[in-house]
Amino acid sequence: MSGTVTFDGAPPPGTINMGIGQPSANLLPVELVRKASEAFFADAQPFELNYGVLQGDERFLASLADYLTDEYGTAVSADTLFVSGGNSQALDLVSVMFAKPGDTVFVEEPSYFLAFQIFRDHGLKIVGIPMDDEGIRIPELEKALKVHRPAFLYTIPSFQNPGGQCLPIERRKKLVELAKKHNFLIVADEVYQLLYYYEVPPPAFGTMTGSEAVVSLGSFSKILAPAMRLGWIQTSPALRNQLISNGFVNSGGSINHISSHLVRQAIDLGLLGDHVAHLRKVYRSRVEAMDRALRKEFGSLAKWKKPGGGYFFWIEFPDGTDTGPLREQAAKLETGFQGGAVFSSSGGLSNFLRLSFAHYAEDQIAEGIRRMRPLFK
Ligand SMILES: Cc1ncc(COP(=O)(O)O)c(C=O)c1O
């Protein structure tokens, strides 16, 4: 079975589907996880295979706090951290703990489409707030706040999915101010915060948790491996206590306790830091390759901004081309993309598409974009 592709939506052999927002096989660090596992099991104690304490193993949270302190350049305290099963699980948890069925939540327009489904699973009503090249538009948010009382605002502040924007520091501060004034939470999905390829993004919302208005979600999916199913929630001690009181957590203990042991070793041995540095180099070169190929094939047809981090290019067709129906033809040409409409909470954005550069090497990216060209007149 070695080499068998086993993820949902895996393309047929030969197809270059840039709709896939997952790392390529050569960036999934089996050797790293092996070393971390060996280090852990070399002197693992029986209690480490028991249920873990509710907020997460204290040694893991201490290592994570050190790692984030280094990365953020701001002291992160372990008692602001709570172990999660990755950002998908964390979104589910915040929907349960910080909203109730029938509540409204604000999302960015466009936003990560699978989050919509999680919010709808919990009976939450979604209202989209328009963005510009720098992120969520504050005047539009203020306008919406005159009509709605959201439980929370879901934002992807750095290297947004799909748009790639990085919200400037002034707007981040303004969001916190508005959240306090209007009594809603900011749920910041910071899954791409550490994946920058040129400049370091503005400070994570994780550094603003003193406000009592911020819940920052971080994940090891993009910086280590999705299979770890491990992440963290960074928030104020009071909000963290609310998370700890969740029934699922109370019954099951620390979420994904065993993964947290392995990731602690990866952090303490310096393996995670080295891996993230490697990812930044590889992804930067893929960003460059995608930008070059787009300029060559789509220069006069489409508009985009080269992203400074994350996984995605967000491409607009100003002539209004509806990209969704073209996906079937793209598959016949052995290429692929994600249509823009799925990222809209209100049925717009059909003249956009999203490409990920994370799953393919430079030459495949160039070839995949070349194959797409005939679909667009
Ligand atoms: C914005 C965003 N949030 C969450 C996720 C999923 O995160 P996790 O694997 O930590 O559940 C993704 C993955 O593509 C994402 O892009």
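Mapping of the sequence shown onto this note's numbering: position 346 corresponds to residue 327, and the numbering continues sequentially without gaps.
Where a beta carbon is used, it is the ideal one built from N, C-alpha and C, also for glycine.
Start and end residues, alpha helix (DSSP H) containing residue i
i	result
residue 18	11 to 23
residue 156	150 to 163
residue 41	39 to 53
residue 121	119 to 126
residue 311	307 to 313
residue 277	252 to 279
residue 233	228 to 233
residue 353	343 to 353
N- and C-terminal bounds of the beta strand (DSSP E) containing residue i
i	result
residue 63	62 to 65
residue 216	212 to 216
residue 199	195 to 200
residue 335	333 to 337
residue 133	133 to 136
For residue i: DSSP bridge partner residues
i	result
residue 111	90
residue 177	290
residue 105	According to DSSP, which records beta bridges pairwise, residue 105 is partnered with nothing at all.
residue 116	113
residue 85	106
residue 284	297
residue 139	147
Residue of the options minimising C-alpha distance to residue i
i	options	result
residue 250	36, 47, 28	47
residue 194	225, 158, 228, 341	158
residue 3	355, 337, 344, 347	337
residue 328	109, 64, -10, 140	109
residue 326	24, 184, 97, 11	97
residue -11	1, 282, 298	1
residue 181	354, 212, 147	147
residue 129	153, 99, 144, 160	160
residue -4	358, 354, 345, 356	345
residue -6	202, 236, 316	316
residue 31	303, 319, 342, 236	236
residue 9	149, 347, 253, 65	253
residue 52	14, 257, 17, 319	257
residue 196	22, 149, 222, 166	166
residue 268	285, 22, 12	285
residue 333	302, 352, 342, 355	302
residue 39	58, 150, 350, 88	58
residue 313	289, 299, 349, 342	349
residue 203	149, 177, 168, 114	177
residue 208	14, -9, -1, -2	14
residue 90	358, 347, 340, 321	321
residue 17	247, 288, 28	247
residue 119	262, 141, 139, 155	155
residue 45	138, 26, 60, 230	60
Three-state class that DSSP yields for residue i in the structure shown
i	result
residue 169	strand
residue 0	coil
residue 240	helix
residue 297	strand
residue 76	helix
residue -11	coil
residue 383	One cannot answer for residue 383 here, as it falls past the ends of the chain, which runs -18 to 358.
residue -18	Low confidence applies to residue -18: its pLDDT is 45, below 50, so where it sits in the model is not reliable, and the reading given next is rough at best. In this structure, residue -18 counts as coil in the three-state DSSP scheme.
residue 188	helix
residue 69	helix
residue 225	helix
residue 204	coil
residue 323	helix
residue 357	coil
residue 31	coil
residue 26	coil
residue 330	coil
residue 36	coil
residue 247	helix
Cutoff 8 Å: residue i Cβ touching any chain B Cβ
i	result
residue 298	Of the protein chains in this structure there is only one, and it is not chain B.
* Three-pair Cβ contact test at 8 Å for the region 216 to 229 versus the region 237 to 245 -> no
* To do: Can you list the residues near ligand 3, meaning Cβ strictly closer than 6 Å to any non-hydrogen atom, in the order they appear in the chain?
  => For the structure depicted, ligand 3 is absent and the ligand set comprises only ligand 1.
* Cβ contact check for the region 70 to 79 and the region 207 to 214: 3 or more pairs under 8 Å -> Verdict: yes, contact present.
* How do the region 100 to 116 and the region 80 to 90 stand: do at least 3 beta-carbon pairs fall below 8 Å, yes or no? -> yes
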